[in-house]
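In the working numbering, the protein residues as written are 1 to 654. Cβ atoms here follow ideal geometry from the backbone N, Cα and C, with glycine treated the same way. Keep in mind that this is a model prediction, so the values were computed, not measured. A quick write-up on the structure given underneath.
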Amino acid sequence: MSELPPSEPFVPVPPAAAANTHTSAADYERLYAESIADPDAFWAKEAERLDWFTPPTKIANWSFDPVSIKWYEDGVLNLCHNALDRHVAAGRGDRTAIIFEPDAPVGEARTISYAALLADVVRMANTLKKLGVRKGDRVTIYMPMIPEGAVAMLACARIGAIHSVIFGGFSPEAIHGRIEDCGSDWVICADEGLRGGRTIPLKANVDKALERVAVKGVLVIAHTGGDIAMKEGRDHWYDALSADVGAECPCEPMGAEDPLFILYTSGSTGKPKGVLHTTGGYSVWIASTFWYGFDYRPGEIFWCTADIGWVTGHSYVVYGPLQNGATTLMFEGVPNYPDHDRFWQVVDKHKVDILYTAPTAIRALMREGDDYVTRHDLSSLRLLGSVGEPINPEAWRWYHDVVGKGRVPVVDTWWQTETGGTMITTLPGAHPMQPGSAGRPFFGVRPQLVDADGNVLADEQDGGVAEGNLCITHSWPGQMRTVYGDHERFVQTYFSTYKGKYFTGDGCRRDAEGYWRITGRVDDVINVSGHRMGTAEVESALVLHELVAEAAVVGFPHDIKGQGIYAYVTLNAGIEPTDEIVTMLKQQVRTEIGPIATPDHIHLTPALPKTRSGKIMRRILRKIAENDFGSLGDTSTLADPSLVDGLIEERRNR
Ligand code: WT7
């Protein structure tokens, strides 16, 4: 394993910011100890954050070998009820649930109260019922970052339909694959999306996807009013179809283990997996991590900049804030449109209290200089959060010093699509910060570091200073339950590398102070601007092209994106490499997966370095892509060692 630079010095939370938080250092130690000593008691208590139609009497019931995970299994509840109805019933209907800030600053912001959002969701839920959507049906949602996206998710939760949200940047081919994989009969989309002044042809993409897979109905929300095609009998305008639906729609009573949503995510092999989350455990986990993790105080405005197409958007744009009765800001746009101060202008305009964003955005904005930040009044900020990839100390410091003016704590939250919500983070009132380190485990989380052979190097209970592969040894309520339709893949992917443990796929170091510092993926997953990508997926997209014989894709360090995509491609015999082919191949990946998967470099090579038994030497390809030619290791086992010089030569010239 590579040498990590030493940990950064601790940065204390300013006393003013550490006062009156939900959790002091002593609270954290006590609560964490309780959550480990008696998880059932701890999670029974946390479940009281929610309304249950039938409160659970069984709390945890899980095993990692064989793999079976249940929480709150005899409880009955509905997530939408907890997000909306109970707040309205308690007289808090006038509070703002969603502030919507459109792509262009000239557009009018909208605020939607809890009562109004409930009415919107009921209308959507009844419209879905009118179409024929039933409990347990899979509903694909392909929407821009507009309130109707959240309404669609909540409406599904209300009637017990399982939503599968697809990020608006994914291609028709990706939509097709996901609809087919989960057998979704229904699609909710907008006519078009807007991002950074550009139009995203959402409905047209859905139409293309549906050339290859049939659905029963498509519900179309008019957003831009752009010209789109509607297919008779299949496609319905939401406004027209919802005009006569009733204003009542009771929440479907859901068993705690009834599926809530599927979210596709990339792994190191094969097609993206349908990560399945269920109702009870996820609800509790998100309600709890939002409350403690962001130290949320009623009345505050919370802005998570993630798209609802990713898990961060599910958990901390929609479900976490709403379950806590918070005001959540939904932003349709991008950080640098119309100018590099867009984020800071939005913070100022809406007096945002808590900002939760990704290192890639921080780095991109940092590069543009401090003026963009300092020209706005950011005094409303009380807490800053980071998520999605390791944050480099330089970006951390800029976030802390320039955006937070040194008076605002920064929390770095490590988690995954699979974990539902935050797993490792400092709590603002409890812990000093350490740039680049996520910090301490959340309640009930039992991280452990193992070496390649599974020997335990360090864990939270016995301590230890080590670097290794990060596992979690005990279940937590927000854990994914299975890969939709493929439980064996769930077992193989997460529980077979180290039997009886959940393996995260991340490398990590635990230091003497008990801070956990994520070093990045140790598998063939790369993290491009906080978007997770499987190298195998990009390779499959490339080899689909008729000119391509073989492809090997690796990540390389990228100043802004964290990691970039580097693709080595060999063409079929007799094909001359040209710039046109490179352009075509980039286009090929965009078409198959989406723009976020576009390779930064396509390196055409006459052959790939292989062992004599024909195995591609990815380690060498990674080093060359990283411009690290000095430590290629042993190349003598290569079938053709001379190949490496040519690859290096070509890389140097880029
Ligand atoms: C992978 C999960 C967390 C939701 C958004 C991404 C990396 C995530 C951090 C962090 C270091 C992080 C890990 C993880 N990651 N947060 N704070 N520090 N690395 O969810 O798409 O499922 O990706 O993102 O490598 O395994 P995801």
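{"query": "Proximity to E650 [Cα-Cα], best of V589, Y568, T635 and E580", "result": "Y568"}
{"query": "Q479 (DSSP reduced to helix, strand or coil)", "result": "coil"}
{"query": "Own chain partners of L638 with C-beta closer than 6 Å, once the 5 adjacent residues on each side are dropped", "result": "P609"}
{"query": "Contacts around I188, its chain only, beta-carbon distance under 6 Å, and the 5 residues preceding and following it disregarded", "result": "I141, A152 and L219"}
{"query": "Bridge-paired residues (DSSP) for G255", "result": "V76"}
{"query": "Sufficient close CB pairs (3 or more, under 8 Å) joining the segment 329-339 to the segment 187-207", "result": "yes"}
{"query": "Of the listed residues R123, D453 and L544, nearest to A247 (C-alpha basis)", "result": "R123"}
{"query": "CB contact flag (W415, G281, <8 Å)", "result": "no"}
{"query": "The ligand WT7 heavy atom lying under 7 Å from the CB of S386", "result": "yes"}
{"query": "CB contact flag (R521, G534, <8 Å)", "result": "no"}
{"query": "Buried versus exposed, by CB contacts within 10 Å (16 or more), N653", "result": "exposed"}
{"query": "Straight-line gap, C508 to G309 (C-alpha atoms, nearest Å)", "result": "27 Å"}
{"query": "DSSP-derived helix/strand/coil call for C304", "result": "strand"}
{"query": "Through-space distance from P201 to S242, alpha-carbon basis", "result": "23 Å"}
{"query": "Span of the alpha helix (DSSP H), counted from its first residue to its last, around Y494", "result": "H487 to F495"}
{"query": "Strand pairing of A466, partner residues [DSSP]", "result": "R510"}
{"query": "Inter-residue spacing [alpha-carbon to alpha-carbon] between W291 and Q461", "result": "25 Å"}
{"query": "Neighbourhood of V346 by C-beta, 8 Å cutoff - its chain only, sequence neighbours within 5 removed", "result": "E101, W303, L329, F331 and V352"}
{"query": "P6 - DSSP class collapsed to helix/strand/coil", "result": "coil"}
{"query": "Coil, strand or helix - L210 by DSSP", "result": "coil"}
{"query": "Strand pairing of I221, partner residues [DSSP]", "result": "A190"}
{"query": "Q448: CB within 7 Å of a non-hydrogen atom of the ligand WT7", "result": "no"}
{"query": "Beta carbon of D137 nearer than 8 Å to that of D185", "result": "yes"}
{"query": "Any non-hydrogen atom of the ligand WT7 closer than 7 Å to Q416 Cβ", "result": "yes"}
{"query": "Coil, strand or helix - E550 by DSSP", "result": "strand"}
{"query": "Rounded separation between H163 and A395 - CA only", "result": "35 Å"}
{"query": "S529 (DSSP reduced to helix, strand or coil)", "result": "coil"}
{"query": "Cα-Cα separation, M655 to V548", "result": "The structure shown does not extend to residue 655, since the chain is modelled only from 1 through 654, so no value can be given for it."}
{"query": "N-terminal and C-terminal residue of the beta strand (DSSP E) that L655 is part of", "result": "Absent from the model: residue 655. The displayed extent of the chain is 1 to 654, so no value can be given."}
{"query": "Span separating the alpha-carbon of I362 from that of V525", "result": "22 Å"}
{"query": "Distance, R612 Cα to M480 Cα", "result": "40 Å"}
{"query": "Residues bridged to G439 (per DSSP)", "result": "W516"}
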